[in-house]
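Everything below concerns the one structure shown next.
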Amino acid sequence: MHSLKGKKILLIISGGIAAYKALELIRLLRGEGAGVRCILTEGGSHFVTALSVSALSEEKVYSDLWSLTDEAEMGHIRLSREADLIVVAPASADLIAKLTHGLANDLASTVLLAADKPILIAPAMNPQMWNNPATQSNIATLRARGVFQCGPEAGDMACGETGWGRMSEPAALLEAVKGQLGRKALSGMHALVTSGPTYEAIDPVRFIGNRSSGKQGHAIASALSEAGARVTLVSGPVALPDPAGVKTVYVESAREMLEACKQALPADIAVFAAAVGDWRPSVSKDRKIKKSNASSAPDITLTENPDILHTIATLKKERPRLVIGFAAETENLEKNVRAKLKKKGCDWIVANEVGPDESGQEKAFGRESNQVYLCTRSDFEHWPKASKREIALKLAERIAQEIGDHEQARKRRNKKS
Ligand code: CTP
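For my numbering, add 156 to where a residue sits in the sequence shown, where the first one is 1.
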């Protein structure tokens, strides 16, 4: 019942009408056994009183960066050091902007800047403020930095407008906190995921690319992160938002992708979902190739790109415990995939058929759903057609099982020796 027993939460209540919901959140968190210490910003104190916050948390409420007594007793650095999670609810547009830009001109922003703990924000503001490109760009930056977000929800606002901007309900926030603090299957693991296409430059404006949307790779990065892993996503150019809580590194070419993957090591798990270009133009011109200067169409000779999956799967040192490749095949699926598993030196291959289906539509690239096969060294499993998100969740579950089995085998070996 007390799923947060012994956990310490630092709750920052910033200015907004939704601050009243923070009181209920304190009650729910304490009901689950968590200790809650609160910072009430100047804005927040216009909506709820320090007395209510203190009565519910049964702790002193902190508000002033320059309070000699507070600093003597606790110190703003210790406030974050002693917490397991920092929750900002409501997170006003102003505090989100401060957090994004590293401002530290009050207690809340200073504590956030000095934080070495995960941060969960619950944005709450007027829909126009939420939709403003400034807020959206701040939110994207924070997500890319690994700040977790819960809400906002859509609905009627206190200001009379309707739209996105309502703070999530306290019960939903409690679930988000539990999601962050509960031990998860892949907690403590680092996962490397590649996603999207690569672009191989012909000249500054032209490139050789492919149809990969990155949807499957990005979904896998999200699913592994939700399963508790720290995830580094190395992505080619895609039109997708960065997955929340995932460190996303953008690259263009196969060679850049390999470099970024090497930089991300060591990793426990590596999933290579990117559609890496097998070849690149042998020469990439630094000026645009002009039609008017050429007597005929240019000959483009190609050079083979490094194989990222094979390189990482065959590393002597730093080989991840579980290396998973992808295969896109148009024919002889099982035979080709089994051969590919050996050739690449990986542990599993997730295979799918690409190319047009009976109605002439592409089967996998850019689609929302996918039908895949999981090829391990001993099995070849047919997975039913499902959304890319569902496939990602199932794969994360299988990875967690496999890693769990590895761990148990390791512990058995350690006991024997
Ligand atoms: N891959 C990679 N680096 C490359 C090419 C592919 O890491 N230069 C990875 C992909 O991310 C995928 C797997 O290898 O996980 C399979 O890629 P695929 O293109 O199907 O295999 P190829 O070896 O290129 O074989 P073929 O094109 O002959 O099917």
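Every residue, glycine too, gets a C-beta built ideally from N, C-alpha and C.
(request) Return the CA-CA distance between GLN372 and PRO353, expressed in angstroms with no decimal places. (result) 12 Å
(message) Only counting the same chain, and skipping five residues up and downstream in sequence, which positions put a Cβ closer than 8 Å to that of VAL209?
(response) ILE169, ALA178, LEU179, ILE182, CYS194, LEU196 and VAL217
(request) Assign ALA377 to buried or exposed, taking buried as 16 or more other Cβ atoms, counted over all protein chains shown, within 10 Å of its Cβ. (result) buried
(request) Return the first residue and the last residue of the alpha helix (DSSP H) that ARG494 is part of. (result) 489-500
(message) Please report the straight-line C-alpha distance between SER452 and TYR355, rounded to a whole angstrom.
(response) 25 Å
(request) Compute the minimum distance between the beta carbon of ILE464 and the heavy atoms of ligand 1, and state whether it is under 6 Å. (result) yes
(request) Flag this pair as touching only if the region 285-295 and the region 382-394 have three or more C-beta atom pairs under 8 Å; answer yes or no. (result) no
(message) So for THR266, helix, strand or coil by DSSP?
(response) helix
(message) Quick check: the region 339-349 against the region 358-369, are at least 3 beta-carbon pairs closer than 8 Å?
(response) no
(message) Between the alpha carbons of GLY200 and ALA175, how many angstroms are there, rounded?
(response) 7 Å
(message) Among the candidates GLY171, LEU166, GLY191 and GLY172, whose CA atom is the shortest distance from the CA of SER159?
(response) GLY191
(request) Could you tell me whether the region 490-507 touches the region 435-450, where touching means 3 or more Cβ pairs closer than 8 Å? (result) no
(message) By DSSP's criteria, GLY189 is part of a beta bridge. Which residues make up the other side?
(response) Paired residues: none, contrary to the question.
(message) Looking at ligand 1, does it come within less than 6 Å of ALA430, judged from the CB to the closest heavy atom?
(response) yes
(request) Compute the Euclidean distance between the alpha carbons of ARG526 and PHE536, then round it to the nearest angstrom. (result) The question names Arg, but residue 526 in the sequence shown is Asn. Approximately 17 Å, taken between the alpha carbons.
(request) Taking only the alpha-carbon atoms, compute the straight-line gap between SER248 and ILE165 and give it to the nearest angstrom. (result) 19 Å
(message) Given a cut-off of 7 Å on the beta-carbon distance, is the pair ALA385 and LEU330 in contact?
(response) no
(request) May I ask whether a heavy atom of ligand 3 can be found less than 6 Å away from the beta carbon of ASP434? (result) With respect to ligand 3, the structure offers nothing, as its ligand set consists of ligand 1.
(message) What I want to know is whether the C-beta of ASN366 ends up closer than 6 Å to one or more non-hydrogen atoms of ligand 1.
(response) no
(request) Please classify ILE559: does DSSP put it in a helix, a strand, or coil? (result) helix
(message) According to DSSP, is LEU549 part of a helix, a strand, or is it coil?
(response) helix
(request) Confirm, please, whether the CB-CB distance from SER369 to ALA430 is below 7 Å. (result) no
(message) Taking 6 Å as the cut-off, is the C-beta of GLY481 nearer than that to any heavy atom in ligand 1?
(response) yes
(request) Express the C-alpha separation of LEU259 and LEU221 in angstroms, rounding to a whole number. (result) 13 Å
(request) Using a threshold of 7 Å, state whether the C-beta atoms of ALA271 and SER236 are closer than that. (result) yes
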